[in-house]
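Here my numbering is used: the first residue of the sequence shown is 349, the next is one more, and so on.
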Amino acid sequence: MPVVDLHCHILPGIDDGSKDWATSLKLAQDAVNDGITHAVCTPHTLNGRYLNHKADVIKLTEEFQDRIDQAGIPLTVFPGHEVRLSGGLPEALDNDDILFCDEDGQYMLLELPSNEVPHYTKSMIFQIMQRGITPIIVHPERNNEILEEPTKLQEFLEMGVLIQITASSYTGTFGKKIEDCSRDFIKAGQCVFFASDAHDLPKREYQMHAALDKLAKEFGEGKKQEFLTNAQKVVNGEPVHLDWQPLKKKRKKFLGLF
Numbered sequence: 349m350p351v352v353d354l355h356c357h358i359l360p361g362i363d364d365g366s367k368d369w370a371t372s373l374k375l376a377q378d379a380v381n382d383g384i385t386h387a388v389c390t391p392h393t394l395n396g397r398y399l400n401h402k403a404d405v406i407k408l409t410e411e412f413q414d415r416i417d418q419a420g421i422p423l424t425v426f427p428g429h430e431v432r433l434s435g436g437l438p439e440a441l442d443n444d445d446i447l448f449c450d451e452d453g454q455y456m457l458l459e460l461p462s463n464e465v466p467h468y469t470k471s472m473i474f475q476i477m478q479r480g481i482t483p484i485i486v487h488p489e490r491n492n493e494i495l496e497e498p499t500k501l502q503e504f505l506e507m508g509v510l511i512q513i514t515a516s517s518y519t520g521t522f523g524k525k526i527e528d529c530s531r532d533f534i535k536a537g538q539c540v541f542f543a544s545d546a547h548d549l550p551k552r553e554y555q556m557h558a559a560l561d562k563l564a565k566e567f568g569e570g571k572k573q574e575f576l577t578n579a580q581k582v583v584n585g586e587p588v589h590l591d592w593q594p595l596k597k598k599r600k601k602f603l604g605l606f
């Protein structure tokens with residue numbers, strides 16, 4: 349069965365992922381070694397540090413595919429973006445400067461800032477969805493505000509967004525708190541697939557195989573197949589349906605005597 353990685357930083361020299369072609373080819377081989385057959389290359393854009401234009405990413409991905417083929421690595425790559433939530437997003441969409449997970453422009457990877465959920469998030473998601481785009485919020489389990497109160501994610505789920513968890517979050521690479529949060533999202537049906545979010549950085553290696561095996565052990569083989577199928581549906585622009593339950597809100601802990 350094909351294994352699709354919807355989120356990785358393996359194009360050379362354009363963000364904090366791969367630094368050169370040799371590294372990119374190594375990461376492509378690492379992906380194959382981890383069981384991945386297809387990957388959407390998603391460099392950062394609009395995040396205040398990196399602005400990668402659509403045409404440049406497409407050209408670089410085409411060259412990457414040629415080099416992958418010449419190296420005999422059995423990996424198919426597609427151009428994409430990891431789009432940071434920002435005020436410049438509507439203009440970039442107007443200018444046709446955003447890449448999606450699928451050719452029809454239905455699914456877009458949307459990244460929140462690491463520390464917070466901006467006050468305008470709901471409004472921006474509404475604007476995006478009015479264009480017929482389904483945002484996929486990436487690695488919410490690593491957002492500090494959501495990690496402290498995971499129920500914050502639910503207002504966006506109610507709007508129809510999808511959620512992608514980083515495979516290595518679920519395997520415990522980023523610590524037990526993030527691992528437990530990932531499990532809670534999965535148990536509640538709030539996450540529909542994993543992605544590697546691979547970089548050429550410590551703790552950012554491919555762990556899709558380990559995460560999928562763990563998923564099968566904890567939630568059954570059917571859940572693993574569901575995650576694999578959902579990722580394929582996204583890259584093909586097909587509908588992905590959620591059947592999720594709300595999480596219980598964390599009880600506040602008070603210190604001192606009253």
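The C-beta atom is built at its ideal place from N, Cα and C for all residues, glycine as well.
Nearest to residue i (by Cα), restricted to the options the options
i      : options                           : result
Glu574 : Gly585, Thr371 and Leu560         : Leu560
Ile484 : Gly520, Tyr518 and Leu447         : Leu447
Gln377 : Tyr398, Leu408 and Val425         : Val425
Ala579 : Ile476, Gly383, Ala558 and Val540 : Val540
Asn492 : Tyr468, Gln475, Ala564 and Cys529 : Cys529
Glu439 : Gln555, His401, Thr521 and Glu503 : His401
Asp368 : Gly436, Leu399 and Leu408         : Leu408
Ile652 : Asn463, Ser462, Tyr455 and Glu489 : This structure cannot settle anything about residue 652, because the visible part of the chain is limited to 349 through 606.
His554 : Asp445, Ala515, Leu437 and Gly570 : Checking the displayed sequence, the identity of residue 554 turns out to be Tyr instead of His. Out of Asp445, Ala515, Leu437 and Gly570, Ala515 has the C-alpha closest to the C-alpha of Tyr554.
Ser517 : Val582, Asp445 and Lys562         : Lys562
Met314 : Ile481, Lys572 and Thr385         : The question about residue 314 has no answer, for the chain in this structure spans 349 to 606.
Lys500 : Lys524, Phe522, Thr469 and Gly520 : Thr469
Arg479 : Leu437, Leu549 and Gln502         : Leu437
Ile476 : Leu495, Pro461, Asp442 and His467 : Asp442
Arg415 : Ala370, Gly453, Asp404 and His386 : Ala370
Asn584 : Glu569, Lys597, Gly453 and Lys571 : Gly453
Ile309 : Gln418, Ile534 and Gly568         : Shown here, the chain extends from 349 to 606; a query on residue 309 therefore has no answer.
Cutoff 8 angstroms; reference residue i; Cβ partners in own chain excluding five residues on either side
i      : result
Gly396 : Arg432 and Ser434
Leu505 : Ile511, Gln538, Leu590 and Trp592
Val380 : Ile421, Pro422 and Leu423
Glu464 : Asn491, Asn492 and Glu493
Val582 : Val352, Leu354, Cys449, Asp450, Tyr455, Ile484, Leu510, Phe541 and Val588
Phe606 : Bear in mind that a pLDDT of 43 at Phe606, under 50, signals an unreliable position, so the number given afterwards is only what the model happens to contain. Counting only Cβ-Cβ distances below 8 angstroms, and skipping sequence neighbours, we find nothing.
Thr385 : Pro350, Val351, Val352, Pro422, Leu423 and Thr424
Asp404 : Ile362
Ser462 : Arg490, Asn491 and Asn492
Cys571 : First, the amino acid is wrong: residue 571 is Lys here, not Cys. Excluding sequence neighbours, Lys571 sits near Ile534, Leu563 and Ala564.
Beta-carbon proximity check, residue i vs residue j, cutoff 7 angstroms
i      : j      : result
Val351 : Cys449 : no
Glu451 : Val486 : no
Ile358 : Leu375 : yes
Pro391 : Ile406 : no
Leu595 : Ala536 : yes
Cys356 : Ser471 : no
His557 : Gly383 : yes
Ile526 : Glu489 : yes
Glu430 : Leu394 : no
Lys551 : Thr521 : yes
Sequence-distant residues of its chain with Cβ nearer than 7 angstroms to residue i (five each side left out)
i      : result
Ser372 : Ile358, Leu359, Pro360, Ser366 and Phe412
Leu532 : In the sequence as presented, Leu is not what sits at residue 532; that position holds Asp. Only Pro498 and Leu595 meet the Cβ criterion.
Asp445 : His401 and Lys402
Beta bridge counterpart(s) of residue i as assigned by DSSP
i      : result
Ala486 : First, the residue type needs correcting, since residue 486 is Val and not Ala in the sequence shown. Gln512, per the DSSP bridge assignment.
Tyr455 : Thr482
Glu430 : His392 and Leu457
His386 : Val352 and Thr424
Thr542 : Residue identity differs from the one stated: residue 542 is Phe in this sequence, not Thr. In the DSSP output, where bridge partners are listed per residue, Phe542 has Ile513.
Proximal residues to residue i (C-beta, below 6 angstroms), its chain only, five neighbours per side dropped
i      : result
Tyr398 : Asp363 and His392
Leu495 : Cys529
Lys597 : Thr499
Check: residue i C-beta below 6 angstroms from any heavy atom of the ligand SAH
i      : result
His355 : For the structure depicted, the ligand SAH is absent and the ligand set is empty, with no information on it obtainable.
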